[in-house]
Ligand code: ADP
Ligand code: ADP
């Protein structure tokens, strides 16, 4: 079934002297459990599409839904977002970074401990739990960001160029990690990337966007629909 959907979505930024037509109209339906990538040149509206999909930006026209409910004004429970830039708190240890969202949600300490330890082990971070983000490599810091999302048990994971700042070798490794995450969590994944090879390697379907006027011009199915089990 359909997990999340954009219908006739447009996003226009109004400046003082002119408007920027950033996105749309876009119709896009993400299937439950699929791995969907979005590719396209810089400035074609990929980030805008992600922001609108999770409620961080409001569509100028059209509607967005997640699990049958309208997305409006805030990121719904069940959606996790990972950005390119390191979003971890530099003054907190890796462990406390991963625990942050759970504590804010008011989960009991025992549950927090169990889930943080699980997420750190899953992302290969168990030995770094007491380290601070600045002491880690860029790849490890991105793992922390993914662990922070994973720990909330998201059913839809959105990633905006999560490996864009990493070297090629690390990117390949993180691609494998992402596949493992997708398989084990059963989540639907939407990955934004400018790397077509990455999209081809990882996804069930690829949405190709074009810069003018910020639309999904084609949806390509990879030859290997991935079976989780
Ligand atoms: P991509 O992620 O594919 O690089 P974006 O979604 O970031 O593309 O941007 C799409 C278009 O919207 C670009 O032309 C960009 O310059 C414009 N844009 C993005 N954010 C803003 C903003 N806050 N104000 C004005 N224009 C913006
Ligand atoms: P069960 O379904 O029997 O609870 P799981 O393998 O789903 O077994 O979970 C085992 C442990 O891992 C539990 O403590 C659970 O809270 C934790 N766990 C499972 N998934 C996640 C996740 N995405 N993030 C954090 N902790 C998790």
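Numbering (full-length UniProt numbering), first residue to last: 3 to 231.
Don't be surprised by glycine CBs; every beta carbon is placed ideally from N, CA and C.
If you check the C-beta of residue 84 against ligand 1, you find no heavy atom less than 6 Å away. Looking at the backbone, the Cα of residue 34 and that of residue 69 are separated by about 9 Å. For residue 67, the pairing in a beta bridge is given by DSSP as 7 and 72. In the DSSP assignment, residue 127 falls outside any alpha helix (DSSP H) and carries neither an H nor an E.
Within the segment 85-173, the complete beta strand (DSSP E) segments of 3 residues or longer fall at 158-162, listed in chain order.
In this structure, residue 46 has its beta carbon less than 6 Å from a heavy atom of ligand 1.
With respect to the C-alpha of residue 172, the residue from 191, 16, 93 and 200 having the closest C-alpha is 200. Under the DSSP definition of a beta bridge, residue 82 partners with 159. Contact holds between the segment 61-78 and the segment 23-30, because three or more Cβ pairs, one in each stretch, are under 8 Å apart. Beyond the five residues adjoining it in sequence on each side, residue 109 comes within less than 8 Å, by CB distance, of 117 in the same chain, given in chain order. Assignment of beta-bridge partners to residue 23 by DSSP yields 14.
When beta bridges are read from the DSSP output, residue 47 appears opposite no residue. Using a Cβ distance threshold of 7 Å, residue 121 and residue 84 do not count as a contacting pair.
Residue environment analysis places residue 135 among the buried positions, since at least 16 neighbouring C-beta atoms fall within 10 angstroms of its C-beta.
Ranked by Cα distance from residue 43, the options 213, 220, 94 and 56 are led by 213. Remark: the C-beta of residue 39 is outside contact range of ligand 1, defined as less than 6 Å to any heavy atom.
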